[in-house]
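Below: one structure, written as structure tokens.
Numbering (the numbering used here), first residue to last: 98 to 552.
Below you can see the structure in the form of structure tokens.
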């Protein structure tokens, strides 16, 4: 019994020594002698019997967080932050219920949060994006401890500002995946207000770039819910344009057009895709190019049908027809040049028999070209007249506007020039044949030619 009693006394004395060691740490901390507290806590942590206990880990984390908080001590002990962070993580693992925090307070967590946030702001303002992100990441982590465990009187679920700064810093550091991770925390919580719309726009653009359709749709849907007036259709078209084949885009257009779900903006954007199809896909033959020009005209007209004050839609219809007319006109003119060349090279025969044969041979060469031009005239004039109709619509919309943006100024200036060219063509075609029509077309030509550069 005496030996057992002796062992019990020894064990008790050891516990008292250990308690006294931690007490010294606490005393130094409470009287704000942080370097003394560091010395004492380092002694405690050097003891293998104590350094895994929740109380010891709690005090190590708390002391080193205080060193990190003090600017002078932070300079003197540059590893204070990482040491404190490691200690907090070890403490959490040893005391997942945070019994020590509940008993002794969460000051260390607040020190880590507030100091990291302040350092992050300074680094952010200095445009040291990576370093700022590092600081804000600690601020977010420790603010999460505080707010999720309700150690603050605030009722918020997380610190929106720290998360926003962290995402901004990653974005500015050209680390979009990391930025998206933190922007998505805010978006998932449906943080709203004018200053937060860029979060949803960033996420839509990011998931377009990385080709993640599920996430893209998720954040466009949230953005549309919170900011219904914003043109989210543009992001949907952009996603489609970057991540779908031309055939897939065409099929989607046909499907949504038939379902009646396309907006004015979507019609315009699909039209732009179709009209530029041959620029993006050089393998398209002339038949495919004509097909997509017609798809573009169809989409532009339907955008105009949604809003008959959409001068851009009307102008673009006119331009597509103008370009098609121009192709026919070029082909017609080339045929004329070909016939002129054939006529210039024909032999001068004086023998009546040879001359008749030569004339027949010449006619055999020229007749197919004449027929080709006769066949061209109908579609040429159809496209010319369609171009006139739609360019006149665009001009009528824009001419009386008191103010025009830069795009509208460009459009109306191009419109009057195109109209002048088209009426000059029609005038010249009836010259010497129909004086009344000539005068009418001449008057229209002069009207629009006089407006060159006026807008």
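Note that the Cβ used here is the ideal one computed from N, Cα and C, for glycine as well.
Helix, strand or coil at residue i [DSSP, three-state]
i	result
residue 248	coil
residue 183	helix
residue 551	coil
residue 556	No answer is possible for residue 556: the residues shown for the chain start at 98 and end at 552.
residue 100	Residue placement at residue 100 is poorly supported in this model, since its pLDDT is 49, which falls under 50; the coordinates still yield a value, given next. It is helical.
residue 302	helix
residue 438	helix
residue 465	helix
residue 307	coil
residue 373	coil
residue 192	coil
residue 483	helix
residue 213	helix
residue 218	helix
residue 507	helix
residue 253	coil
residue 340	helix
residue 317	helix
residue 111	Low confidence applies here, because residue 111 scores a pLDDT of 42, under 50, leaving its location unreliable and the question unanswered by this model.
residue 136	helix
residue 378	coil
residue 119	helix
residue 360	coil
residue 312	helix
residue 282	helix
residue 198	helix
residue 501	coil
residue 538	helix
residue 614	This structure cannot settle anything about residue 614, because the visible part of the chain is limited to 98 through 552.
residue 417	helix
residue 476	helix
residue 324	coil
residue 288	coil
Short Cβ contact (8 Å threshold) for residue i with residue j
i	j	result
residue 404	residue 456	no
residue 181	residue 165	yes
residue 389	residue 374	yes
residue 348	residue 505	no
residue 287	residue 343	no
residue 301	residue 317	yes
residue 246	residue 195	yes
residue 80	residue 236	It is not possible to answer for residue 80, since the shown part of the chain is limited to 98 through 552.
residue 299	residue 305	no
residue 158	residue 126	no
residue 262	residue 221	yes
residue 203	residue 154	no
residue 368	residue 413	yes
residue 265	residue 284	no
residue 210	residue 240	yes
residue 542	residue 520	yes
residue 308	residue 334	no
residue 177	residue 161	yes
residue 230	residue 270	yes
residue 134	residue 119	no
residue 47	residue 346	With the chain covering 98 to 552 only, the question about residue 47 has no answer from this structure.
residue 576	residue 502	The shown model of the chain, from 98 to 552, leaves out residue 576, and the question about it has no answer.
residue 207	residue 243	yes
Buried versus exposed, by CB contacts within 10 Å (16 or more), residue i
i	result
residue 366	buried
residue 507	exposed
residue 281	buried
residue 223	exposed
residue 484	buried
residue 137	buried
residue 437	exposed
residue 250	exposed
residue 443	exposed
residue 376	exposed
residue 197	buried
residue 256	buried
residue 110	The predicted model places residue 110 with a pLDDT of 40, which falls under 50 and marks its position as unreliable, so this point remains unresolved.
residue 355	exposed
residue 139	exposed
Any non-hydrogen atom of the ligand NAD within 7 Å of residue i CB
i	result
residue 354	Ligands are entirely absent from the displayed structure, and the ligand NAD is therefore not among its contents.
8 Å Cβ cutoff, residue i in contact with chain D
i	result
residue 341	You won't find chain D in this structure, because it holds only one protein chain.
(Q) Contact between the segment 459-475 and the segment 390-404 is defined here as three or more beta-carbon pairs at a separation below 8 Å; is this criterion met? (A) no
Can we say the segment 422-434 touches the segment 464-473, given the rule of at least three CB pairs closer than 8 Å?
yes
Per the contact definition of three or more C-beta pairs closer than 8 Å, is the segment 510-529 in contact with the segment 543-551? yes
Notebook entry, point to check: Is it a yes or a no for the segment 380-388 touching the segment 482-496, going by three-plus beta-carbon pairs under 8 Å?
Noted result: no
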